[in-house]
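Written below as C-alpha cells is the structure these notes are about.
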Amino acid sequence: MIAAQLLAYYFTELKDDQVKKIDKYLYAMRLSDETLIDIMTRFKKEMKNGLSRDFNPTATVKMLPTFVRSIPDGSEKGDFIALDLGGSSFRILRVQVNHEQNQNVHMESEIYDTPENIVHGSGSQVGPPAPHRNKEGLHNAKEILTRLGVEPSDDDCISVQHVCTIVSFRSANLVAATLGAILNRLRDNKGTPRLRTTVGVDGSLYKTHPQFSRRFHKTLRRLVPDSDVRFLLSESGSGKGAAMVTAVAYRLAEQHRQIEETLAHFRLTKDMLLEVKKRMRAEMDMGLRKQTHEKAVVKMLPSFVRSTPDGTEHGDFLALDLGGTNFRVLLVKIRSGKKRTVEMHNKIYAIPIEIMQGTGEELFDHIVSCISDFLDYMGIKGPKMPLGFTFSFPCKQTSLDAGILITWTKGFKATDCVGHDVATLLREAIKRREEFDLDVVAVVNDTVGTMMTCAYEEPTCEVGLIVGTGSNACYMEEMKNVEMLEGNDGRMCINMEWGAFGDNGCLDDIRTIYDRLVDEYSLNAGKQRFEKMISGMYLGEIVRNILIDFTKKGFLFRGQISETLKTRGIFQTKYLSQIESDRLALLQVRAILQQLGLNSTCDDSILVKTVCGVVSKRAAQLCGAGMAAVVDKIRENRGLDHLNVTVGVDGTLYKLHPHFSRIMYQTVKELSPKCNVSFLLSEDGSGKGAALITAVGVRLREETSS
Ligand code: ADP
Ligand code: MG
C-alpha cells in the first residue's frame, strides 16, 4: 500500500536521474544500524512495559500470555482437530501426532472459503510479488504496472523497482530490530553470554519475497552478534501449531497428574502424622517393658546417665567421637565454680573405608593409634586420664562403662564387634599397644551427649535429638517405667534408637517404593527404616530415585537418564538445602544441577525443587511426629496438664537445611498442643557431652567408693 502511494507521487514528479532522486526523497526510509539499535532498545522497553502489571494497560506492545508453558518434547501423541480462522482462508485440520515413528505428524485439511460478508471490511489480498532489480524483476514490474493501467517506460520500471527495494528493505530491518530485542531478552533471561536458538518463521512475505529473508538475517546478525540464530520455516504453522499446542497441553496435564500422584505418597496429613505419633508411643512402651523388650524394634536402651549436669563437674577429660562423619579425639577441660568454663581441643582423624568395613581389631587399633598421636600432639602422654567414648551406634549398656554393640549403622561394618562390649574392645586395643593407659569411664551415645551439653546451659533440657547422618533421640524416663533395670527411684536417660522405628513393618503403609529402593541398596537393608526416611545419609538418595523414575517416564531431562543420575550417592543431602533455599533463583538451581552434570531446563529445575521440598518436608514432619510422642510421654509420666521442655539438637541437616527446623517445630506444636517445646542447638554434644558424662561418672564412682 505504501509503495503504491509513493509510486503515484513519483510518476508525476520524477524525470531524470530518478534513482538518485528517489534515494534523496526516501532518505528517511533508510535506517542506519545506529537507528536500528535505538529501535531495539525502545522495543525492549515496550516489552518490559507490556509484561509489567502496572504499565500493561497503557503499553503498546501488549505481550499477551498464551498459557503455552512448554514446547513439544517429542513425546506428544494423539489425534487432534485444529481450526484455523483468521488467515486468508478458514481451514479445519485433522492432525495425528505419533511419537513412535520419528515424531510423525500427519495432517488432512479441508479448506472452506470464508464468505466476504462474514469477514468485516475488505482486507486486501496478498499483493503482487514485489518487483526486483534483475531481468525478471524488471519484466514483472512492467507487467504489473501495465496491469495497473499505466504505460511505464524502462526507466519507470527501474525507479519502481528501486522504491520497492527501499520499502521492503526497511521492513526487513524493522523486523530484525524487534526480533533482536526479543533475542536479547531471551539471552538475559537465560543468563548465558551467548544465545543459541532457532526461530520458527511463517508468512508469505518472508517465504516468497526473493530478498527479504536474506536481508533480514544479515541485519539481525549484525544487531545481535552474540546470538547464534537458525531459522526454520514452519509448515502450516497455524494448523499443525494449534494441534501441537493442544498436544503439549494434554501431555503437561497428564504429566502433572502422574507427578502429583507420585508425590502424594510423600504428603502426610495431620491424621497420618498423629497415627505415626501413636505408633511411636506404642513402640516406646514395647521397648521399655520387660515382656516385649526382646522383640521390640525401638530398643529404649538405658544409658546409665541418671541426671543432667549440676554445674559442679570439674577436671580434664579425654573424649572420643566415633560414629559421626568424622572420627575425633578431644581434650575437654571443665572448670566449676563461679565462672564455669569448658575448654576443648580436638583433632579430626580419617577412618579409611577399608578399616570401617575391615576387622574389629583393625578398627580399634586404628582408634588407639589416633589417640596416641593426639596425646603426643597435646603433650599429655603420661598420667592415666578418664575417658568418655562417644560411640554413636545402638549399644545395650549394662553399666555406664560397658556397651554391647547391637548392630552397626551408617556405613560401618567391621567384623567381630557386634555382640561385644566396645569399652572392652577399646581397653584391649590400648593394652595391645603397650604405650599408655586410660581410664574408660563412660560409653556415650551422641544423642545423650547432645542432651547433656544443652542441659549444662539450660536445666529444662531433658531430651536430645540428632538429625545428621542418622537420626536418633533420647529423653529422661522414670526409672519405674524402665522394667529392664532394677530400682524404681529417680530417672534415667533412655537412648531410644528411634531410627529402627518401622523395622517391624509398622510404617510400611507410609513408605514409598523409593524408600524401599534406598533401603534395598543400603548396607543394612531392612534396618533403620525411620532413619532412612529422615536423615542426611538418605534424603538425597530418595530424591535421586524419584528423579530417575520421573526421567524414565519422560517428565525430566528430556527422558535421558545420564550416567551421573545413575551414580549412587551423587545427589547429596546438602544439595537439597541449596536447592530449597528461598534466596535462590531458578537459574541458580540450574547451576547446581549443572555442577552435578544434569543438564536441566527451567521446567526441570522447578520439578527438581518440588521433589526436594516434598522429601525434606516429610522428613521434618516424621521427625516432629516422633518428637511429639516423646514430649507427650514425659508430660504424662509426670501427670502434668502442661509441660515446658527443651530439646537439645545436633546434626548438620537440622542446622543447615533452610526449612527442616521450622517444619519440625510446627509439627510438634500441632501434634502435642499441651507441650511447650523449645529447641536448643547443641555445640559439640559428642565431645563436650561425653566429657560431662565422664565427669559425672567419676564423681559418682568416688562417692560410692568413699
Ligand atoms: P554426623 O551426624 O555424622 O555426626 P553431621 O551432623 O555433620 O554429622 O551430619 C552429616 C550429614 O549431614 C551428612 O550425611 C550430610 O548428608 C548432611 N549434610 C551435610 N551438609 C548439609 C547441608 N548443607 N544441608 C543438609 N544436610 C547436610
Ligand atoms: Mg554428630
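Residue numbers for the sequence shown, in this note's numbering: 32 to 737. Glycine residues also receive a C-beta, built at the ideal position from the N, C-alpha and C atoms.
Among the options, which one has its Cα closest to the Cα of residue i?
{"i": "D550", "options": "A203, G272, E344 and K563", "result": "K563"}
{"i": "G655", "options": "G105, I411, I565 and K108", "result": "I565"}
{"i": "G679", "options": "T209, P490 and K75", "result": "P490"}
{"i": "K51", "options": "I197, I175, P183 and K326", "result": "I197"}
{"i": "C485", "options": "L226, T339, A445 and R178", "result": "T339"}
{"i": "A660", "options": "M695, G628 and V574", "result": "M695"}
{"i": "I112", "options": "N129, D185, I102 and M138", "result": "M138"}
{"i": "S101", "options": "Q127, Q36, F467 and Y281", "result": "Y281"}
{"i": "R649", "options": "L617, C633 and R693", "result": "R693"}
{"i": "T725", "options": "H451, L711, I365 and S202", "result": "I365"}
{"i": "T72", "options": "A207, L226 and G391", "result": "A207"}
Go ahead and pull the three-state DSSP assignment for residue i.
{"i": "M523", "result": "strand"}
{"i": "I601", "result": "coil"}
{"i": "C537", "result": "coil"}
{"i": "N377", "result": "strand"}
{"i": "R371", "result": "coil"}
{"i": "S703", "result": "coil"}
{"i": "I461", "result": "helix"}
{"i": "M409", "result": "helix"}
{"i": "F74", "result": "helix"}
{"i": "P333", "result": "strand"}
{"i": "A382", "result": "The sequence shown places Ile at residue 382, not Ala. It is coil, neither helix nor strand."}
{"i": "L431", "result": "coil"}
{"i": "Y552", "result": "coil"}
{"i": "C401", "result": "helix"}
{"i": "V727", "result": "helix"}
{"i": "F493", "result": "A quick correction: the sequence has Glu, not Phe, at residue 493. Note: E493 maps to strand in three-state DSSP."}
{"i": "I565", "result": "helix"}
{"i": "M755", "result": "The question about residue 755 has no answer here: the residues shown for the chain are numbered 32 through 737."}
{"i": "F262", "result": "strand"}
{"i": "I123", "result": "strand"}
{"i": "H451", "result": "coil"}
{"i": "R669", "result": "coil"}
{"i": "G158", "result": "Confidence at G158 is low in this model, with a pLDDT of 36, below 50, so its placement is unreliable and the value that follows should be read with caution. Three-state DSSP puts G158 in coil, outside helix and strand."}
{"i": "S608", "result": "helix"}
Do residue i and the ligand ADP come close, with the Cβ less than 7 Å from some heavy atom?
{"i": "M683", "result": "First, the amino acid is wrong: residue 683 is Thr here, not Met. Checking every heavy atom of the ligand ADP against the Cβ of T683, one is found closer than 7 Å."}
{"i": "S713", "result": "no"}
{"i": "M375", "result": "no"}
{"i": "L351", "result": "no"}
{"i": "G499", "result": "yes"}
{"i": "S608", "result": "yes"}
{"i": "T356", "result": "yes"}
{"i": "D716", "result": "Residue 716 is actually Gly in this sequence, not Asp. Checking the Cβ of G716 against the ligand ADP gives no."}
{"i": "H248", "result": "no"}
{"i": "L294", "result": "no"}
{"i": "T438", "result": "no"}
{"i": "M568", "result": "yes"}
{"i": "K605", "result": "yes"}
{"i": "H688", "result": "yes"}
Going by the CB atoms, is the gap between residue j and residue i shorter than 8 Å?
{"i": "G318", "j": "I497", "result": "no"}
{"i": "K705", "j": "R666", "result": "yes"}
{"i": "G718", "j": "V449", "result": "no"}
{"i": "L294", "j": "V676", "result": "no"}
{"i": "G657", "j": "F532", "result": "yes"}
{"i": "F98", "j": "Q286", "result": "no"}
{"i": "V307", "j": "L653", "result": "yes"}
{"i": "L548", "j": "S593", "result": "no"}
{"i": "E514", "j": "I525", "result": "no"}
{"i": "A350", "j": "L283", "result": "no"}
{"i": "L627", "j": "T604", "result": "no"}
{"i": "P176", "j": "D187", "result": "The sequence shown places Leu at residue 176, not Pro. Going by C-beta atoms, L176 is nearer than 8 Å to D187."}
{"i": "K567", "j": "G499", "result": "First, the residue type needs correcting, since residue 567 is Gly and not Lys in the sequence shown. Yes. Within cutoff."}
{"i": "D546", "j": "I577", "result": "no"}
{"i": "G530", "j": "G495", "result": "no"}
{"i": "S612", "j": "P689", "result": "yes"}
{"i": "L752", "j": "G211", "result": "The first residue shown for the chain is 32 and the last is 737, placing residue 752 beyond what the model contains."}
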